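Protein chains: 2
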Amino acid sequence: MFSKSCEYGIRAMIHIAQQQETTGRVSLKDIAREIDSPEAFTGKILQTLTREGLLNSLKGPTGGFELAREAGKINLAEIVLAVDGDNLFNGCALGLSTCDSEKPCPAHEKFAIVRDELTLMLRTSILDEMAMGLKNGVSFLTR
Amino acid sequence: MFSKSCEYGIRAMIHIAQQQETTGRVSLKDIAREIDSPEAFTGKILQTLTREGLLNSLKGPTGGFELAREAGKINLAEIVLAVDGDNLFNGCALGLSTCDSEKPCPAHEKFAIVRDELTLMLRTSILDEMAMGLKNGVSFLTR
DNA sequence: TCTATTTCAGACAAAAATGTCCGCTATTAT
DNA sequence: ATAATAGCGGACATTTTTGTCTGAAATAGA
Ligand code: FES
Ligand code: FES
Numbered sequence: 004m005f006s007k008s009c010e011y012g013i014r015a016m017i018h019i020a021q022q023q024e025t026t027g028r029v030s031l032k033d034i035a036r037e038i039d040s041p042e043a044f045t046g047k048i049l050q051t052l053t054r055e056g057l058l059n060s061l062k063g064p065t066g067g068f069e070l071a072r073e074a075g076k077i078n079l080a081e082i083v084l085a086v087d088g089d090n091l092f093n094g095c096a097l098g099l100s101t102c103d104s105e106k107p108c109p110a111h112e113k114f115a116i117v118r119d120e121l122t123l124m125l126r127t128s129i130l131d132e133m134a135m136g137l138k139n140g141v142s143f144l145t146r
Numbered sequence: 004m005f006s007k008s009c010e011y012g013i014r015a016m017i018h019i020a021q022q023q024e025t026t027g028r029v030s031l032k033d034i035a036r037e038i039d040s041p042e043a044f045t046g047k048i049l050q051t052l053t054r055e056g057l058l059n060s061l062k063g064p065t066g067g068f069e070l071a072r073e074a075g076k077i078n079l080a081e082i083v084l085a086v087d088g089d090n091l092f093n094g095c096a097l098g099l100s101t102c103d104s105e106k107p108c109p110a111h112e113k114f115a116i117v118r119d120e121l122t123l124m125l126r127t128s129i130l131d132e133m134a135m136g137l138k139n140g141v142s143f144l145t146r
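Chains A and B, in that order, are what the protein sequence lines are. The numbering of the first sequence is this note's numbering, which starts it at 4 and goes up by one. The numbering of the second sequence is this note's numbering, which starts it at 4 and goes up by one.
Now the structure itself:
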């Protein structure tokens, strides 16, 4: 469904959202440890998220990453778009060059509905809600 | 969403379903041409589908591939499972080792719903219906 | 039987995704 | 100022996915 990069990116963003309420900025080392991901690789992904305007980064001691906007105004669709691009939202299920309802593939009719539901689900998955779940111990970022 | 292999596999199965009503078995060469896919690579995928019991194959002149069951009794979920495995149906959105509603990731609650809708959509996408769409010119396998 | 055709199996190759390393730059604290 | 810290950028390495090639095995038809 999502690339490894995207999975790490989402987990990182949720962890940052949950952490920064209390401790402010979060370091790469802390993030990689908490979401159980390879540190250097995660660093690359966080750079991407920073370039894409979802994170701010600060160098030096006490440096680290923080959300570019408040956690209530960032949703999963933005993160997926930033890391994996828009193919999941627009692409054809059967890999045709474009998804076009005027000249659809045989799966289009049923697939487009589910794809749109997925898009909506991602748009309505807000970072602060997910961070809340983490904090309350009802959800987890490792296993 | 799906791997290239899976996309080619689905397109091949739909083409075979549409073609074999009239001309019987379908050769790899014909399939690769009609679904616009690399021939040798497509051959590998058809071998997999044959091993997995979704296709029968026959060597020699007049040989080729045919559906192992009638097109009304094969759905997309089976093809996806045969080629890409069950991760799409069971896997965690955020890449945790397993998806477990007892110890869910922060995306689980909303994601599991959409994932189940996708599964249902694939299960109810039947090969003969899609082949019909192709024959009637309302859907297409290339672009 | 002989030949042409077609799938099968395995080795090989190229490209993309995933992951690591290292030196550089910016920043903080002493 | 200087040293220590943390992100940045680019090169490099590994693994997976995607794709190719070749020869063998099976089969139909002449
Ligand atoms: S054309 Fe294939 S999903 Fe729209
Ligand atoms: S635990 Fe992540 S989707 Fe179920």
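Idealized CB from N, CA, C, for every residue including glycine. Keep in mind the model is a prediction, meaning the values are calculated, not measured.
Those residues which DSSP pairs with residue i across a bridge
i	result
Val-29(B)	Phe-68(B)
Asn-90(A)	Answer is none; Asn-90(A) lacks a bridge partner.
Asn-139(A)	DSSP, once it has assigned bridges, lists no residue as partnering Asn-139(A).
Contact list for residue i against chain A, beta-carbon separation under 9 Å
i	result
Lys-7(B)	Gly-98
heavy atom of ligand 2 below 8 Å from residue i C-beta
i	result
Ala-96(B)	yes
His-111(B)	yes
Asp-103(B)	yes
Leu-99(B)	yes
Cys-108(B)	yes
Phe-114(B)	yes
Arg-118(B)	yes
Cutoff 9 Å: residue i Cβ touching any chain B Cβ
i	result
Glu-10(A)	yes
Val-141(A)	yes
Leu-84(A)	no
Residues that residue i contacts on chain B, provided the C-beta gap is smaller than 7 Å
i	result
Gly-136(A)	Pro-109
Ser-128(A)	Ala-110 and Lys-113
Residues that residue i contacts on chain B, provided the C-beta gap is smaller than 9 Å
i	result
Arg-146(A)	Cys-95, Leu-99, Ser-100, Thr-101, Asp-103, Lys-106 and Cys-108
9 Å Cβ cutoff, residue i in contact with chain A
i	result
Leu-189(B)	A query on residue 189(B) cannot be resolved here, the shown segment of chain B reaching from 4 to 146 and no further.
heavy atom of ligand 1 below 8 Å from residue i C-beta
i	result
Arg-72(B)	no
Contacts that residue i makes with chain A (C-beta to C-beta distance below 7 Å)
i	result
Leu-91(B)	Met-4
Report task. Pull out every residue of the stretch 102–124 of chain B whose Cβ sits closer than 9 Å to any Cβ of chain A, in chain order. Result -> Per Cβ criterion, the list reads Asp-103, Lys-106, Pro-107, Cys-108, Pro-109, Ala-110, His-111, Glu-112, Lys-113, Phe-114, Ile-116, Val-117, Arg-118, Glu-120, Leu-121, Leu-123 and Met-124.
Query - Short-range partners of chain B found in the stretch 36–48 of chain A, where Cβ spacing is below 8 Å - result: none
Query raised in the report: Name the residues in the stretch 52–73 of chain B whose C-beta lies less than 9 Å from a C-beta of chain A; which are they?
Result: Residues: none.
Report task. Anything in the stretch 14–26 of chain B with a Cβ closer than 7 Å to a Cβ of chain A? List those residues in chain order, please. Result -> Listed in sequence order: Arg-14 and Ile-17.
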